[in-house]
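What follows is a single structure, written as structure tokens, with notes after it.
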Ligand SMILES: [Fe+2]
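Residue numbers (the working numbering): 4 to 198.
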């Protein structure tokens, strides 16, 4: 899958992230550099077409903005409607999140040493427009995300793999029980929303 968008900021960001991924193996270094580039792109302005920011009435959605042909990284427009959120989950790769609109409410947990251990919360943050956070690395990979505030939240999420095909863990926080899932890509519906 290649890019179907023509926003120049996004095209530049894709090129920059591709170059960073090629140049850096160290996740800590790479995620900080990706965060820096994403922060700069958001500050300049990324123009997402409305179909790629449209919430779904049933559940949060991930629209593909770019999937690297070699699967080295992907960029999603992740959209939570008011009141929507995720289970506690991991990513099994690195990830960087920047906020395009709305507020993302994140609760972070220590990654359990093994399956079956109750999870320990280690942070809670609200991320607003233009803010960028490294959401996940191999050692620090578990969180839960909700739409904060009273408008939908749109985040630009960068992951170190094709996140729409990557099997990953969902956790039952009280018991540490794990179930595996894949958050498949949602293809944007370019027709007008039903009113
Ligand atoms: Fe996540």
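The C-beta atom is built at its ideal place from N, Cα and C for all residues, glycine as well. Quick caveat: nothing in here was measured; it's all calculated off a predicted structure.
Closer than 7 Å by C-beta to residue i: which residues in its own chain qualify, once you throw out the five before and the five after it? Chain order, please.
i           : result
residue 34  : 97, 99, 137 and 140
residue 158 : 81, 100, 101, 102, 103 and 107
residue 123 : 112 and 113
residue 31  : 140
Who pairs with residue i in a beta bridge, going by DSSP?
i           : result
residue 136 : 100
residue 183 : 172
residue 143 : 140
residue 148 : 109
residue 94  : Answer is none; residue 94 lacks a bridge partner.
residue 88  : 149
Assuming residue i and residue j make a contact with CB atoms under 8 Å, what is their CB distance in whole Å?
i           : j           : result
residue 3   : residue 21  : Residue 3 is absent from the model: the chain starts at 4 and stops at 198.
residue 146 : residue 184 : At roughly 15 Å, the Cβ-Cβ gap does not stay under 8 Å, so residue 146 and residue 184 are not in contact.
residue 110 : residue 127 : 5 Å
residue 45  : residue 133 : 5 Å
residue 23  : residue 36  : 5 Å
residue 41  : residue 135 : 5 Å
residue 179 : residue 115 : 5 Å
Excluding the five sequence neighbours on either side, which residues of its own chain have a C-beta within less than 8 Å of the C-beta of residue i, listed in chain order?
i           : result
residue 95  : 144, 164, 169, 170, 171 and 172
residue 167 : 65, 67, 70, 77, 79, 185, 186, 187 and 188
residue 191 : 52, 54, 55, 57 and 66
residue 10  : 49, 50 and 51
Can you give me the Cβ contacts of residue i inside the same chain, cut-off strictly under 6 Å, excluding the 5 residues immediately before and after it?
i          : result
residue 93 : 144, 145, 171 and 172
residue 84 : 58 and 155
residue 38 : 99, 135 and 137
Taking the beta strand (DSSP E) that residue i belongs to, which residues open and close that run?
i           : result
residue 17  : Taken as a continuous stretch (DSSP letters only), residue 17 belongs to no beta strand (DSSP E), being part of the alpha helix (DSSP H) at 11-26.
residue 127 : 124-130
residue 158 : 156-162
residue 2   : Because the chain spans 4 through 198 in this model, residue 2 falls outside it and cannot be assessed.
residue 78  : 77-83
Mind checking which residues open and close the alpha helix (DSSP H) that includes residue i?
i          : result
residue 43 : 30-47
Determine whether the Cβ of residue i lies closer than 7 Å to any Cβ atom of chain B.
i          : result
residue 38 : Absent here is chain B; the protein component of the structure consists of one chain.
Report task. Evaluate contact between the stretch 69-86 and the stretch 156-163, counting only Cβ atoms and requiring at least three cross-stretch pairs below 8 Å. Result -> Output reads yes: the stretch 156-163 touches the stretch 69-86.
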